[in-house]
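Its first residue numbered 1, the sequence shown is counted upward by one per residue in the UniProt record's numbering. Here a beta-carbon is modelled for each residue, glycine too, at the ideal position from N, C-alpha and C. Heads up, the thing below is written out as structure tokens.
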Amino acid sequence: MNERDSEIMAGQLDQMGYQPAASDRDADLIVINTCAVRGSAEEHAFGYIGQLRQLKDERPGMTLAVAGCMAQEAGTIAWLKKHAPQVDLVFGTHNMHQLPEMLDRAAESDEMVVDVWQSAGEVVEHLPSRRKDGVRAFVNIIYGCDKFCTYCIVPFTRGRERSREMEPIIEEVRALADEGYQDITVLGQNVNSYGHDLEPARDLADLLVELEKVDGVRWLRYTTPHPRDFSQKLIDAIADSQKITRHVHLPVQAGSNPILKRMNRKYTKEAYLDLIERVKLKIPDASLTTDIIVGFPGETEADFEETLDVVRRVRYDSAFTFIYSARERTPAARWEGRDPVPNQVKKDRLNRLMALQYQISLEANEQLVGKQELVLVEGVSKKNDRVWACRTHNNKVVLIDRDPAEDLIDRFVPVRITGAKTFYLTGQQAGRPVSPPSPRRRVELPMV
Ligand code: SAH
Ligand code: SF4
């Protein structure tokens with residue numbers, strides 16, 4: 001979602017006559033679009049902002065702006081005023097559509113201009129955007145989050161849920177397909193809350209079924225769903241679809257019922273496993289992925305064992321695993337003060353979880369050997385320029401031999417899977433590309 005926001009900011013800058021700079025050193029303007037979801041992302045941003053001080057000293061005429069989720073936190077503003085007075089402009093997630101006007105104000109002011117809205121206004125349509133080249137595009141469908149999981153800062157930084165109307169979303173996807181974008185991901189913090197606030201109410205399944213009718217769209221993805229609202233109607237829509245990718249990402253976060261309750265996830269381990277069973281029943285070839293947090297305040301060894309148990313039962317294709325990170329203003333941050341899991345224990349649990357998941361990922365990949373898959377060629381492998389790096393519809397990386405005489409970038413190509421590793425598959429081209437070259441083909445070969 002941050003990347004999508006960056007595309008919209010870049011689109012506004014395009015309209016103002018800015019052009020992309022080759023590096024920080026050449027830039028007249030740097031906008032740092034921050035993420036606040038975990039402490040590590042924040043430290044990264046603070047470190048980078050600190051480094052830019054020298055650049056600003058050398059070229060005082062340049063403009064430095066800090067945007068995004070971190071700007072919504074009072075602590076960040078205080079830190080910037082104290083440690084980074086070189087920053088010219090700070091703005092948050094709710095007013096980035098006013099970037100041109102804010103830049104004008106920053107140019108006229110000698111002081112740091114801080115313009116952070118505490119809540120969002122109406123959904124703003126028809127913002128310009130500079131999308132990445134290629135055939136993949138992201139489309140926002142719902143902003144904000146009303147779930148208030150007790151560890152999570154997103155409801156504070158992104159505000160209440162606001163859905164876009166269906167018609168402008170369909171129009172946007174039609175326009176993207178006309179431009180040659182074939183792999184579309186619809187975005188929301190809680191993508192399956194889509195439409196409950198519209199008049200009349202709509203849902204994600206309704207929207208996906210409409211988007212599927214758009215000519216030129218080959219793969220249709222959605223991220224991120226919440227297990228609580230993942231309806232049978234949506235499962236059926238995916239099962240019946242030729243375009244909605246058979247990849248179901250269902251963040252479980254933890255396996256222990258007391259922890260799930262204190263996380264405010266509003267499902268039990270049993271309800272989650274039942275949902276997974278229903279998905280497997282209707283979409284037997286679905287690839288399943290998840291997000292997991294270890295070391296939530298008060299998590300015992302027995303609680304953690306429940307998480308391992310879920311991983312063993314579901315057998316995810318892959319998982320994003322995180323150590324719990326205390327976030328300002330959230331209830332769990334107060335509990336972390338009273339009942340933290342020691343750092344060493346957190347790390348140990350993360351390692352054990354990853355070891356189990358890696359084993360399962362490898363076994364899941366081995367099951368694919370001998371099968372035929374359609375892949376999207378993304379670029380030349382960074383490690384070996386005789387190899388194309390490709391992706392399957394369910395997000396698995398496949399490496400195939402590259403004939404330097406043929407340019408396959410952004411093409412959909414059939415491959416036969418020949419080998420499996422924990423994080424990728426190897427394969428061989430098994431036919432001609434099924435799609436024409438992308439109309440916005442990059443000049444140089446991307447390395448991925
Ligand atoms: N809306 C999505 C994802 C939100 S953030 C959802 O509900 O699934 C992406 C992931 O970051 C979460 O799924 C969670 O696993 C992780 N995360 C969020 N807050 C965190 C925190 N305070 N500490 C560690 N991980 C966190
Ligand atoms: Fe955060 Fe929970 Fe909302 Fe996801 S559903 S963004 S984890 S509060």
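Please classify T289 as buried or exposed, where buried requires at least 16 neighbouring CB atoms within 10 angstroms.
buried
What span of residues does the beta strand (DSSP E) with W79 cover, start to end?
Per DSSP, W79 belongs to no beta strand (DSSP E); it is in the alpha helix (DSSP H), 74 to 83.
Own chain, CB closer than 7 Å to T392, minus 5 neighbours either side, in chain order:
Excluding sequence neighbours, T392 sits near E373, V375, V398.
Within the structure, which residues are defined as neighbours of the ligand SF4 by a Cβ-heavy atom distance below 6 Å, reported in chain order?
C145, K147, F148, C149, C152, V154, P155, Q189, N190, H226
Is it right to say R262 is buried, meaning 16 or more other beta carbons lie within 10 angstroms of its own, or is it exposed?
buried
Over the uninterrupted beta strand (DSSP E) stretch that includes F296, give me the two end residues.
Annotation for F296: no beta strand (DSSP E) segment contains it, and DSSP assigns it neither H nor E.
Just mark Q429 as buried or exposed, buried being the case when its beta carbon has 16 or more other beta carbons within 10 Å.
buried
Inter-stretch contact (C-beta, 8 Å, three-pair minimum) for the region 190 to 202 and the region 161 to 174:
yes
What does A319 pair with, by DSSP beta-bridge criteria?
T290
What residue from I30, N264, V434, A74 has the CA that sits closest to P60's CA?
Cα-wise, what sits closest to P60 is I30.
Would the C-beta of T224 count as close to the ligand SAH, meaning under 7 Å from any of its heavy atoms?
yes
Looking at R221: is its Cβ nearer than 8 Å to the Cβ of T245?
yes
Check whether the region 333 to 351 and the region 359 to 370 are in contact - that is, three or more C-beta pairs closer than 8 Å.
no
Helix, strand or coil at D115 [DSSP, three-state]:
strand
Where does the unbroken alpha helix (DSSP H) through A302 begin, and where does it stop?
301 to 314
Rounded to a whole number of angstroms, what is the C-alpha to C-alpha distance between L13 and E111?
22 Å
State the DSSP-derived secondary structure class of Q429, mapped to helix, strand or coil.
strand
F138: beta carbon under 7 Å from a heavy atom of the ligand SAH?
No, the beta carbon of F138 sits no closer than 7 Å to any heavy atom of the ligand SAH.
May I ask you to report which of helix, strand or coil DSSP gives P414?
strand
Just checking I293 against the ligand SAH - is the residue's beta carbon closer than 7 Å to any of the ligand's heavy atoms?
yes
Look at V252 and V310 and say whether their C-beta atoms are less than 8 Å apart.
yes
Between the beta-carbon of A84 and the beta-carbon of R105, is there less than 8 Å?
no
Does F46 come out as helix, strand or coil in the three-state DSSP assignment?
helix
Mind checking T300: buried by the 16 CB within 10 Å criterion, or exposed?
exposed
Cα separation between R402 and I409?
About 11 Å.
Do T369 and T418 have their CB atoms nearer than 8 Å?
For clarity, residue 369 is Val in the given sequence; the question names Thr instead. Against a cut-off of 8 Å, the Cβ pair of T418 and V369 comes out as a contact.
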